[in-house]
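To start, the structure under review is shown below, and the notes come after it.
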Amino acid sequence: MRTVNRSRKGRVVWSLLAVIIGLFHFIPLFISMNLSLKPKTDLSSRWMFPGELYFENFRYAVEKAKIFLAMKNSAIITIIGVTIVVLIGAMAAYPLARNRSRFNNRILQFVLAVMMVPPLSMLVPLVTTMTRIGGISTYWGIILVLVTFQLPISIFLYANFIRTIPMELDEAALIDGCSRFSIFFRIILPLLKPVTATVIILTGVAIWNDFQFSLFLLQAPKMKVVTLAVFTFFGQSSSNPGAAAAAAIVAVLPVVVLFMFLQRYFIKGMVDSAVKG
Amino acid sequence: MNSFKRIMILVLIAATGSFLFASGQQDEGVVELTMMINFGADTATAVAFEEVVNAFNNEYDGIEVTLIAGDANYEALMKSKMATNELPDVWSTHGWSVMRYSEYLLPLNDQGWGDRLNPAIKPVITDSNGNFYVLPLDVDLAGVSYNKSVVKAAGVDIADIRTWDDLFAAMKKIKAIGVTPVHIGGKDNWTIGNFFDWTAPAMYVTDPDNNSSDELLNGDFDTAKWEILAGLFKEMNEKGYMNVDNLTSTFSDSARALAEGSAAFEFYGNYVLTEAWTYNPNAELGFFPVPAFYKSDSPSLISGERAAIGVWKDSEYPEESMLLLNYFTRPENMTKISASSAIPAGFSDVESDTGKLKDDYSRWFGTPAFPYFDRAFLPSGMWDTMCSTGAGILSGDMTTADAAAKMNEDFNRMYK
C-alpha cells in the first residue's frame, strides 16, 4: 500500500515539475502574444493581458514586413538546403565510413576541423565572392552558402552512423551484382532514416533561423527571410516590438503545427540515432 | 523508400530550376537602381522615402528604383559593402558623408543647389577641400530632449539651465519628485557615445576662451578635459541622477521613459521625441540647448546629418542615380522627408513642418550650433572608444582617468 502511495506521490511531483518547466518555456510565447495584441501606446506591463485586442500589429507584419513572402522564401531555402545537405552529406559520408584509409581519415578530420571555423570570420571574402558570381539576393546564392556551412555536421553524423551498419550488407549486395551506387541508394540510404531525422532537425533549424548570412546576402526586399522580416521592426532609433512579436508569431505557427504532427517521428529518429550512433 | 527517393529527386530538380530562374530575371531596357536608407521600414521617414521613390518610379518609365529600408544592422551592412566595394547606387550616410563615405561618393558641388544649403548643415557635410558628397534632406538640429510636464512638476525653468551647475541643480529637483533625471539606454551602447557627442563640444570647442578645436584637428588631445567630462558622467551616475538600469536598457526604453514621464532629460537627437510620441502622442516634449561648461560660455545646439543621400561613384548608372538624387531636391519631396522627423529642411528656402517642435525651434533660433563632436574633431574610429569607455565608467570597470587615458591612446593611434 505504502509503495503505491509513494509511486503516486512521485508521479505527482514529476508532473508538477513538468508543468513548471512547460510554463517556463511558455513565457516568451506568452509575452510575445501580449505584445502583439497591444498597440504601441499601451504602456501597461508586458505580463498583462491586453485590455482589448488590437490586431493592427498583424496587419503591419503582413504589409510592412511581408511576413508571408518571407515565410515562402524561408521555406524554399530550408527545404532545398536541407535536401541537398542530406543527399550530399550521406553520399560523402558513405565512402569515408566504409573505406577507412588514412587518407579518408584525414578528410574526415579536415571536415571536423572546418566545423570549428566561425563562419562569420570569413564574411568579407565570402560576400565579395558572392557579389562577383552574382549570388547576392538569389536563392541559389544563400542556399550555396548555408549548405556549405551545414555539410560538415551532416557528413560527421552520417559517417558515424554508417560505421555502425554491418559491412556484410554491402558485401552481400555486391555478390548479388549491385554497383556501389545502387548499394548506397537501395541498401544504405533506407537504413539512414533515424540519423536523417537528426540531420534534418539540426540543419533545418539552423537554416530556418539563419540571420547573419541572410542579412548580408539577401538584400532585395522580395528576398527577405523570416528572421530578417521580424528584424524589420528594430531600427537604430526606433522599434516596434508589438509588430515584431506579431511577425514572429505568424512565422512560428506553421512550424509549431508541423512539429506537433511530426514530433513522434522526430523524437523516434533522434532517440534511434542516439542509440545506434 | 521509393517515395523518399522520388521526393528528393523532385526537390533537386526544383533547386536546379530556381538556380536558373533566379539568375535569369531581369527586365530588358529598364535601368534598375538600388537605394538604401538607414531608417526602419515602419518609421515615418522610411514611409516618406517610399512615397517619393514610388512617385519617381511612376514619373520615369525607364528607371525602376528598389528602396531598401535599413534596420539596426545598417552600419555593419554598409561596412561589409565598402569592404567588398559593392555599394548601392544611392544610399543614406547616417552622419558619415565626409569621414567615412566621401571616397565612395560622387562630389555634388556641380549640381547647382550648393548655395541653397541650410547654413546649419553646410559645414557639417563639407570636407576640407570644400567638397560635399550628399544632399541633406533635413538638419538634425537638437539639444537635450526633455519632458516638459516633468520639468514643470519639479519646479525647474528650462531658461535657467545655462551651465552644467544649473543642470545638476535641476536634476536634484527632479530626483526629489521621484523621477529619473537622465535616461541612458546603454545596452545600445551608441547611446553612451551620443552623451559624449552632446557634451564634449561644451568642454572643448564652444567657449572661445577654452577652444581646443585647432589642437584637436592638429592631433593634440587634451586628456585632462576629457577626464573632467567623464567625471560629470560618473557623478550623475553616482548621485542617482541616471536610471539604475543604464547598462541594460535600450534606446527604445529611453524613448518610452520620456513618453511616460518617468525620465526628464535625454541626450539624443530629436528622433527620440518622434519615437516617444509613438508611445504617448500626448506627451509634452521638447528640447533645449546643451548647457555650457565654462561660466563665460553660453549654451549651444548640436547639428548633424539625419537623412542625407549620396550617389556611389562607381554606380553603373550615374546619370539615372543623379536624377533620382535631384528628384529629392523638389521642395515637396524635401518637405515630406524633413517633416517626417519634425526637423528643419536641408535647404534654407524649403519649409518643413516641424509640427509639435515648432515653438522650440523658434525659441532657440539663433543659438549657436556645433557639429557632432566625434565626426568633426576626432579621427575616424573614436566613436567606439567613446561608447566603450563610457560603458566602462558606468559599470565601474574604469575610472575617469582610465577612460581619458584610453581616449588619448586611441586618439593618437588613429590620428596617425
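Top line first, the protein sequences correspond to chains H and F. Residue numbers are given in this note's numbering: position 161 of the first sequence equals residue 161, and the series is strictly consecutive. Residue numbers are given in this note's numbering: position 5 of the second sequence equals residue 5, and the series is strictly consecutive. Where a beta carbon is used, it is the ideal one built from N, C-alpha and C, also for glycine.
Once DSSP output is grouped into helix, strand and coil, what is the label at residue i?
i, result
"residue 119 of chain H", "helix"
"residue 465 of chain F", "An answer regarding residue 465 of chain F cannot be provided, because it is not within the stretch 1 to 416 covered by chain F."
"residue 170 of chain H", "helix"
"residue 309 of chain F", "strand"
"residue 415 of chain F", "helix"
"residue 229 of chain F", "helix"
"residue 126 of chain F", "strand"
"residue 146 of chain F", "strand"
"residue 135 of chain F", "strand"
"residue 371 of chain F", "strand"
"residue 97 of chain F", "coil"
"residue 252 of chain H", "helix"
"residue 32 of chain F", "strand"
"residue 378 of chain F", "coil"
"residue 259 of chain H", "helix"
"residue 238 of chain F", "helix"
From this set, the options, which residue's C-alpha is nearest residue i's C-alpha?
i, options, result
"residue 234 of chain F", "F/57, F/33, F/29 and F/400", "F/400"
"residue 201 of chain F", "F/164, F/362 and F/285", "F/164"
"residue 45 of chain H", "H/53, H/77 and H/34", "H/34"
"residue 183 of chain F", "F/135, F/142, F/256 and F/271", "F/256"
"residue 307 of chain F", "F/89, F/118 and F/136", "F/136"
"residue 53 of chain H", "H/62, H/63 and H/40", "H/40"
"residue 230 of chain F", "F/197, F/34 and F/188", "F/197"
"residue 298 of chain F", "F/252, F/403 and F/162", "F/162"
"residue 200 of chain H", "H/82, H/24 and H/22", "H/82"
"residue 42 of chain H", "F/203, F/153, F/282 and F/48", "F/282"
"residue 368 of chain F", "F/402, F/345, F/302 and F/407", "F/302"
"residue 39 of chain F", "F/72, F/277, F/158 and F/384", "F/72"
"residue 332 of chain F", "F/351, F/33 and F/314", "F/351"
"residue 205 of chain H", "H/14, H/24, H/85 and H/140", "H/85"
"residue 381 of chain F", "F/413, F/154 and F/195", "F/413"
At the level of alpha carbons, what is the spacing between residue i and residue j?
i, j, result
"residue 229 of chain H", "residue 65 of chain H", "5 Å"
"residue 84 of chain F", "residue 312 of chain F", "13 Å"
"residue 93 of chain H", "residue 218 of chain H", "31 Å"
"residue 95 of chain F", "residue 142 of chain H", "31 Å"
"residue 322 of chain F", "residue 128 of chain F", "23 Å"
"residue 154 of chain H", "residue 172 of chain H", "27 Å"
"residue 220 of chain F", "residue 131 of chain F", "25 Å"
"residue 59 of chain F", "residue 51 of chain H", "46 Å"
"residue 348 of chain F", "residue 150 of chain F", "34 Å"
"residue 42 of chain F", "residue 30 of chain F", "28 Å"
"residue 116 of chain F", "residue 160 of chain F", "35 Å"
"residue 20 of chain F", "residue 254 of chain H", "Any reading at residue 20 of chain F must be qualified, since the residue scores a pLDDT of 42, below 50, and its modelled position is unreliable; no value is offered."
"residue 122 of chain H", "residue 213 of chain H", "11 Å"
"residue 289 of chain F", "residue 273 of chain F", "15 Å"
"residue 292 of chain F", "residue 300 of chain F", "7 Å"
"residue 212 of chain F", "residue 223 of chain F", "11 Å"
"residue 76 of chain H", "residue 209 of chain H", "13 Å"
For residue i and chain F, any beta-carbon pair shorter than 8 Å?
i, result
"residue 41 of chain H", "yes"
"residue 54 of chain H", "no"
"residue 64 of chain H", "yes"
"residue 220 of chain H", "yes"
"residue 237 of chain H", "yes"
"residue 257 of chain H", "no"
"residue 243 of chain H", "yes"
"residue 131 of chain H", "yes"
For residue i, would you say it is in contact with chain H, using Cβ-to-Cβ distances shorter than 8 Å as the test?
i, result
"residue 256 of chain F", "yes"
"residue 141 of chain F", "no"
"residue 24 of chain F", "Per-residue confidence for residue 24 of chain F stands at a pLDDT of 41, beneath the threshold of 50, marking its modelled position as unreliable; the derived number appears in the next sentence. So no, residue 24 of chain F is outside the interface."
"residue 374 of chain F", "no"
"residue 301 of chain F", "no"
"residue 101 of chain F", "no"
"residue 73 of chain F", "yes"
"residue 86 of chain F", "yes"
"residue 49 of chain F", "no"
"residue 37 of chain F", "no"
"residue 1 of chain F", "Any reading at residue 1 of chain F is ruled out, since the residue's pLDDT is 45, under 50, leaving its predicted position unreliable."
"residue 339 of chain F", "no"
"residue 43 of chain F", "yes"
Q: Report yes or no: do three or more beta-carbon pairs, one from the segment 164 to 180 of chain F and one from the segment 114 to 121 of chain F, lie closer than 8 Å?
A: no
Q: Mind the definition here: the segment 202 to 219 of chain F touches the segment 358 to 378 of chain F only if three or more C-beta pairs lie below 8 Å; say whether that holds.
A: yes
Q. For the segment 107 to 122 of chain H against the segment 60 to 78 of chain F, are there 3 or more C-beta pairs whose distance is under 8 Å?
A. The answer is no - the segment 60 to 78 of chain F does not touch the segment 107 to 122 of chain H, with fewer than three Cβ pairs under 8 Å.
Q. Is the segment 23 to 37 of chain H touching the segment 174 to 193 of chain H, taking contact as three or more C-beta pairs under 8 Å?
A. Because the criterion of three Cβ pairs below 8 Å is not met, the segment 23 to 37 of chain H and the segment 174 to 193 of chain H do not touch.
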